[in-house]
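Mapping of the sequence shown onto this note's numbering: residues 4 to 86, in sequence order. Notes to accompany the following structure.
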Amino acid sequence: GIVRKRTNIENVVLDREAAAHEIAEALPKEISVVPKIDLFVPEALKDAIFVGHLVTDLDSVGGSIGAAALYGGKAALASEVNS
């Protein structure tokens with residue numbers, strides 16, 4: 004019969020399954036409890052500068068601001084908006 008090989012993405016997902024379960028178990032059991040964000044933030048992203056597209060548009064501005072807020076870094080523009 005025909006045997007389908009797993010894709011690279013499928014293999015990576017399966018390789019990281021244990022880590023995903025560990026993160027899920029660390030999530031609060033009650034909605035009133037807020038998880039500690041440090042568990043989910045890679046150390047390398049703290050204090051990073053987040054820049055969107057090289058030709059900046061508003062979605063990349065929003066992404067830069069959101070990532071900076073989430074990871075504790077700084078948001079920056081690569082160019083004037085819609086230049």
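For every residue, glycine included, the Cβ atom is placed at its ideal position computed from N, Cα and C. This one's a predicted model, so the numbers in the text were calculated from it and none came from an experiment.
Of all the options the options, which has the alpha carbon lying nearest to the alpha carbon of residue i?
i, options, result
"A51", "A79, S35, E25, H24", "A79"
"F89", "A27, A21, A72", "Residue 89 lies beyond the range of the chain shown here (4 to 86); nothing can be said about it."
"E46", "I5, I68, N85, G76", "G76"
Kindly list the residues whose CB is nearer than 6 Å to the CB of residue i, restricted to its own chain and excluding five residues on each side of it in sequence; keep chain order.
i, result
"V44", "Y74"
I need the boundaries of the alpha helix (DSSP H) containing residue i, first residue and last residue.
i, result
"V88", "This structure does not reach residue 88, given that the chain is present from 4 up to 86, and the question cannot be answered."
"V64", "61-74"
Enumerate in chain order the residues of its own chain whose CB-to-CB distance from residue i is below 7 Å, with the five nearest sequence positions on each side excluded.
i, result
"S82", "L57, V58, T59"
Strictly under 7 Å for the Cβ-Cβ distance: is residue i near chain B by that measure?
i, result
"E46", "The structure shown contains no chain B; it is built from a single protein chain."
At which residues does the beta strand (DSSP E) containing residue i begin and terminate?
i, result
"K32", "Here K32 belongs to no beta strand (DSSP E), and DSSP marks it neither H nor E."
"A78", "77-79"
"V54", "52-54"
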